[in-house]
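Read in order, the letters of the sequence shown correspond to residues 1 to 193 in full-length UniProt numbering.
By construction, the Cβ of each residue, glycine as well, lies at the ideal position given by its N, Cα and C atoms.
Fair warning: this is a prediction, and the values are worked out from it, not measured in the lab.
Notes follow once the structure below has been shown.
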Amino acid sequence: MEFDVSKLSVQDSYLRMVQLISPRPIAWVSTLSIDGIPNLAPYSFFTGVGVNPPTICFSPANDGQGRPKDTLENIRQTGQFVVNIVTEPVAQAMHRTSDELAPEVNEFALAGVDPAASTQVKPPRVRSAVAAMECTLHSAIQLGAGPGGANLVIGYVVHLHIDDDLVDQSSIETVGRVGRREYTVVKDTFRLE
């Protein structure tokens, strides 16, 4: 089957992309508004960019009304965020934070997760996450407009939190997104020579 993406709806393009780009790691991003309200939301268009300097990116799409999501607004205003790593024990809490909510809603409280103080940035991290990356903003680029319009956030990693038991492991059993509401755990790995 062939698809001319210029003739697909935003929803149909999204469904085809998430079908093909799989599994997608999840950036569970915590931010603070300029009024100090914590925000926590997952983004599965997320990856590392490079290590010199340590850089990551994720893509928060506009909300259903075409407005930037709270995460993006907070990062633009403060220049800081934390990417919390999702594993199976926190997957349900992560999923609870995926709904569009009003800016005054504290998603840490909504999901029942405790915040922990970060070291170099103001937004808190998720205490129960096995790892977190504190980040400062390099740039936030608007790529599209309207509902589902793409934005790209590029950030420098300035501090790492990694559970002591995981420091010497080559990989962590992270949760990835494989569909709209379907997830997987990275457990079966293999090595090629």
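DSSP places Arg16 in the uninterrupted alpha helix (DSSP H) bounded by 10-20.
Under DSSP, Gln65 shares a beta bridge with no residue. Between the segment 167-181 and the segment 19-35 there are three or more C-beta pairs closer than 8 Å, enough to call the two in contact. When only Cα atoms are considered, Glu193 and Gln169 end up about 19 Å apart.
Secondary structure remark: continuous beta strand (DSSP E) runs of at least 3 residues inside the segment 33-83, in chain order: 38-43, 46-51, 54-58. For the pair Val126 and Val90, the CB atoms are nearer than the 8 Å cut-off. Apart from the 5 residues on each side of it in sequence, Asp35 has no Cβ closer than 7 Å to any other Cβ in its chain. Separation of Pro124 and Ser44 (C-alpha to C-alpha, rounded to the nearest whole angstrom) is 20 Å. Counting C-beta atoms within 10 angstroms of its own C-beta, Met133 has 16 or more neighbours from the protein chains shown and is therefore classed as buried.
Linking Gln19 to Ser171 through their CA atoms gives a straight-line distance of about 24 Å. Per the coordinates, the alpha-carbon of Leu137 lies some 15 Å from the alpha-carbon of Asp70. With contacts defined as CB atoms closer than 8 Å, Ser30 and Pro38 qualify as a contacting pair. Its Cα nearest to that of Ile75, the residue Val153 stands out among Tyr183, Ala116, Val153, Gly149. An exposed status is given to Leu143, since fewer than 16 other beta-carbon atoms sit within 10 Å of its beta-carbon. Under the DSSP definition of a beta bridge, Thr174 partners with Thr87. Between Asn62 and Gly149, the beta carbon gap of about 4 Å places them in contact (Cβ cut-off 8 Å).
Per the C-alpha coordinates, the member of Asp99, Cys135, Ala145 positioned closest to Pro53 is Cys135. In this structure, the beta-carbon distance from Thr119 to Leu110 does not fall below 8 Å.
Secondary structure of Gln142 (DSSP, three-state): strand. Pro60 is classed as buried because its beta carbon has at least 16 other beta carbons within 10 Å across all chains shown.
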